[in-house]
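Here's the structure we're looking at; comments come further down.
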Amino acid sequence: MIRLSLHRWVLAAAIIVTALVYWPGLSGGFLFDDYPNIVDNHGVQPHDVSVPSLVRAALSSPSSEFKRPLASLSFAANYLATGLDPYWMKLTNLVIHLLNGLLVFLLARELLRSACIRVGTRSRAMPFDTSEQEPTKSIAHERAPTTTDGGAGEAQRAGVTAALIAAAWMLLPINLTGVLYVVQRMESMANLFVLLGLIGYVAGRRRMLVPTTIDPDIAFAPALLRRGRQGRGSFWLCVTSITLPAAVGVFAKETAAMLPLYALLIEWALFRFRTTNGSRDRHLIALFLIVLVLPLITGLTWLLPSVLNHTDWATRDFTLGTRLLSETRIVVDYISWTLLPIPHELSFYHDNFRISTGLLSPWTTLVSIFVLAGLVAFTLWLRPRRPLVALGIALFLGCQLLTGTIIPLELVYEHRNYFASFGLMLAVVPLLTAFASEGISAPYALPRRVLLGGLLLLWAGETAMTAVAWGNPLLLAETLASRAPDSPRAEYELGRTYIIYSHYDPASPFTKLAYTPLERAAALPHASIMPEQAMIFMNSRMHLPLKDTWWDSLITKLKARKPGVQDESALGALTECDREHHCVLPDNRMTEAYLAALSHPDPSARLLAMYGDFAWNVLQDRALGLRMTNAAVAAAPSEPAYHITQIRMLVVEGHVNEAHEALGKLQSLNIGGRLNLQLANLRKLPGM
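Numbering (numbering that gives the first Met the number 0), first residue to last: 0 to 687.
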């Protein structure tokens, strides 16, 4: 017999094991996008807790047009408490992950209990763990809902199964980057609100469907009145749960906007838009039309013009068509990476992924399309038979709609499965718990439980092994490069790590080690200019010769395609090194590189501003520097940094009237006083 509190012990053990598994990884450093978002982002490094500082921090993220202020404020809070120490930032991420694990348990338990409610029929409900379940009766025969979740045994089984789902989800290797990759606190924090919202929605719907017990000593009419009030309260709980958490969560990351879709899938699989008498609930249908369909139409109307504009894909190696084809393979890969991960597949860097250029190029594209189509058909077939399995698959596929379809994001990231992996756990784990029900033995109970135990050990072991690597920057760089030897980013990161360990000492053994991975990265297809930039940067800092082949390769790449974010960052790093006199770089080569980057249509404001910085401070060409800075302001009028540089240049050049006009425009961007200090300093300039 299962004890009532067993699920608490399972959940507590899962939380402790997860913390121990991740603990070695907390001692690691920053990585990849951590630098532009945290390390090099002075906005999230406030010196006080004043309103202007916090507003500046909230609006400082370069990752999104929406700025993700909630996540940025959390980074600022970490900085105020412990500075730029990655240990405490990773520990904060781990706490969020464990809290999400607790919420996964609560949501899974609510869903398991809801699966026992047979909406609209007096026939006895089948519990969630039986091997066979008859389809729901026709609406003509439907009356009041029934449930078996009032039984102590069913509640116990639901609790233990939910705890195992939470344990599996917390230990999945595919979710590691949502914890140890500091910047992906954005993802885990957004899903904190998603999980809270879904828990509230399911609780509200259960209250709407389970009949209220009528006290025989109380008149019939008042009892009906109380039931009506409870129903209205439960409905408004549903409304609040899928709107307020989504509205708050998008300030951490836009993925929280998927909450209404997940609620719709739960409604489709478990509750089916029914009232207690089996009829359609028009209020719920109207709710989803308002909170999901209308925003979807509005969003597509706003998004499609840019999606269909080929210039928005210029920095990518794929088009809209090839992206859609490629994502079919990626989504199928995500399933295997979640359930049966192989270490070399979870390589963090996936820029070496082969893009699908046709249905048979590669041939797995067509196979993946059939697999996904089969999954959709299987889910529809499963809904009346195995609603939880159908729901789990639907949640997994639904989660991919935002990042795996038409938006021109990078193709592959493991952290995109932070919520999607919950769907797969919901589909798989209850099938493997194999509890007996109502005296009936679950078929193949022992093999199923052994399989579940084996999977838990596999997931925990692989996550622990990877966490150890994440705890040592050099070991991590070598591990990721060995997992993805054809990845330009992995090879570049290995070379960059060797440079850091060399301390710019030509005699260091790490100096010689750096060249091989950097040269390999530079030669790989679709590589950015970062490997060439790293070798130029390193040799210049060490006063070693700069090879012409490095410059030629860098400039050729910039001419061949519109520079991406990494290319711009590389040019910016060279410019800063030259400006601060840490490097001595040939002006003609740097100018040639900038002109190659600017030769493409619609250069970014960032690139224009960097060239203005180079022209003003390195070339001492003030006219060119001011012209480029003016162009940056025109390209990104809402970015204060470009306005500030423009004003300083105008004052130096004696254009005081224009400087005053530019100062007025900057003042209009002073939301919440975030620019008070900068404005005060600008007003102290001569003539201002």
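Glycine is no exception: its CB is placed at the ideal position from the N, C-alpha and C atoms.
Please look up how many angstroms separate the CB atoms of residue i and residue j, rounded, as I've assumed it's under 8 angstroms.
{"i": "Val370", "j": "Leu430", "result": "In fact, because the Cβ distance is near 19 angstroms, the residues do not count as touching under 8 angstroms."}
{"i": "Arg236", "j": "Gly196", "result": "Per the sequence shown, residue 236 should be read as Leu rather than Arg. That pair is no contact at about 11 angstroms."}
{"i": "Ile296", "j": "Ala262", "result": "No, Ile296 and Ala262 are not in contact; Cβ-Cβ is about 18 angstroms, not under 8 angstroms."}
{"i": "Leu674", "j": "Pro639", "result": "6 angstroms"}
{"i": "Leu493", "j": "Glu477", "result": "6 angstroms"}
{"i": "Tyr417", "j": "Asn190", "result": "6 angstroms"}
{"i": "Leu557", "j": "Ala526", "result": "Rounded, the Cβ-Cβ distance is 12 angstroms, inconsistent with contact."}
{"i": "Phe536", "j": "Ala513", "result": "Actually they are not in contact, since the Cβ atoms of Phe536 and Ala513 sit about 11 angstroms apart, beyond 8 angstroms."}
{"i": "Ile164", "j": "Val209", "result": "About 23 angstroms separates the two Cβ atoms, so there is no contact after all."}
{"i": "Leu105", "j": "Ile15", "result": "Rounded, the Cβ-Cβ distance is 18 angstroms, inconsistent with contact."}
{"i": "Ala426", "j": "Arg447", "result": "Actually they do not touch by this definition, with Cβ atoms about 14 angstroms apart."}
Shortest alpha-carbon distance to residue i belongs to which of the options?
{"i": "Gln399", "options": "Gly460, Pro446, Glu477, Ser325", "result": "Ser325"}
{"i": "Tyr21", "options": "Pro304, Gly298, Thr91", "result": "Thr91"}
{"i": "Ala245", "options": "Pro294, Arg279, Thr363", "result": "Pro294"}
{"i": "Arg179", "options": "Leu111, Val43, Gly470", "result": "Residue identity differs from the one stated: residue 179 is Leu in this sequence, not Arg. Here the closest residue by C-alpha is Gly470."}
{"i": "Ala114", "options": "Ala161, Val366, Tyr497, Val38", "result": "Ala161"}
{"i": "Met257", "options": "Ser278, Leu194, Gly152", "result": "Leu194"}
{"i": "Arg691", "options": "Ile341, Leu410, Leu299", "result": "Not covered by the structure: residue 691. The range shown for the chain is 0 to 687."}
{"i": "Ala569", "options": "Gly563, Gln532, Met537", "result": "Gln532"}
{"i": "Ala285", "options": "Val238, Ala468, Leu445, Trp336", "result": "Val238"}
{"i": "Val617", "options": "Met609, Leu606, Asp577, Asn587", "result": "Asp577"}
{"i": "Gly671", "options": "Asn36, Ser4, Asp32, Arg55", "result": "Arg55"}
{"i": "Ala419", "options": "Leu338, Thr363, Gly373", "result": "Leu338"}
{"i": "Ala313", "options": "Ala12, Ser603, Pro85", "result": "Ser603"}
{"i": "Pro484", "options": "Ala459, Leu110, Thr515", "result": "Thr515"}
{"i": "Leu98", "options": "Leu381, Leu10, Gly611", "result": "Leu10"}
{"i": "Gly357", "options": "Tyr443, Ser507, Thr318", "result": "Thr318"}
{"i": "Phe234", "options": "Arg273, Tyr593, Val583", "result": "Arg273"}
{"i": "Gly653", "options": "His96, Gly686, Asn351", "result": "Gly686"}
{"i": "Trp267", "options": "Asn174, Thr378, Pro472", "result": "Thr378"}
{"i": "Tyr412", "options": "Trp362, Thr364, Ala522, Leu345", "result": "Leu345"}
{"i": "Ala444", "options": "Val428, Ala608, Leu457, Ser486", "result": "Val428"}
Per DSSP, residue i is paired with what?
{"i": "Gly357", "result": "Ser360"}
{"i": "Arg273", "result": "Arg279"}
How is the alpha helix (DSSP H) around residue i delimited, first residue to last?
{"i": "Trp458", "result": "444-469"}
{"i": "Cys398", "result": "386-402"}
{"i": "Gln677", "result": "675-682"}
{"i": "Pro68", "result": "68-81"}
{"i": "His642", "result": "639-651"}
{"i": "Ser335", "result": "319-338"}
{"i": "Val178", "result": "176-179"}
{"i": "Gly753", "result": "Absent from the model: residue 753. The displayed extent of the chain is 0 to 687, so no value can be given."}
{"i": "Leu110", "result": "85-113"}
{"i": "Val201", "result": "184-208"}
{"i": "Ala268", "result": "Segment: none, Ala268 is in no alpha helix (DSSP H) and carries neither H nor E."}
{"i": "Glu477", "result": "472-482"}
{"i": "Ile15", "result": "5-21"}
{"i": "Met537", "result": "529-540"}
Once you ignore the five residues that flank residue i on each side, which residues in its own chain have a CB closer than 7 angstroms to its CB?
{"i": "Arg67", "result": "Ser60, Met185, Phe250, Ala251, Lys252"}
{"i": "Leu264", "result": "Leu390, Ala393, Leu394, Gly397"}
{"i": "His581", "result": "Arg540"}
{"i": "Pro544", "result": "Asn538"}
{"i": "Leu455", "result": "Ala166, Ala167, Leu170"}
{"i": "Pro342", "result": "Glu461, Arg482"}
{"i": "Asn680", "result": "none"}
{"i": "Trp615", "result": "Arg621, Gly624, Met648"}
CB-CB under 6 angstroms to residue i, same chain, minus the five flanking residues each way: which ones, in chain order?
{"i": "Leu684", "result": "Val650"}
{"i": "Phe347", "result": "Leu479"}
{"i": "Thr691", "result": "Residue 691 lies beyond the range of the chain shown here (0 to 687); nothing can be said about it."}
{"i": "Ala18", "result": "none"}
{"i": "Asn694", "result": "Because residue 694 is not part of the residues shown, which for the chain are 0 to 687, the question remains open."}
{"i": "His6", "result": "Gly158, Val159, Ala162"}
{"i": "Ala75", "result": "Val43, Pro45, Ala56"}
{"i": "Met562", "result": "Before going on, a small fix: residue 562 reads as Pro here, not Met. Here the set comprises Ala596."}
Going along the chain, which residues of its own chain have a beta-carbon closer than 8 angstroms to the beta-carbon of residue i, five neighbours each way excluded?
{"i": "Gly452", "result": "none"}
{"i": "Met541", "result": "Tyr503, Asp504, Pro505, Thr510"}
{"i": "His46", "result": "Ser52"}
{"i": "Val330", "result": "Ser367, Leu371, Leu396, Gln399, Gly403"}
Checking contacts by CB at 7 angstroms: is residue i closer than that to chain B?
{"i": "Ile406", "result": "Absent here is chain B; the protein component of the structure consists of one chain."}
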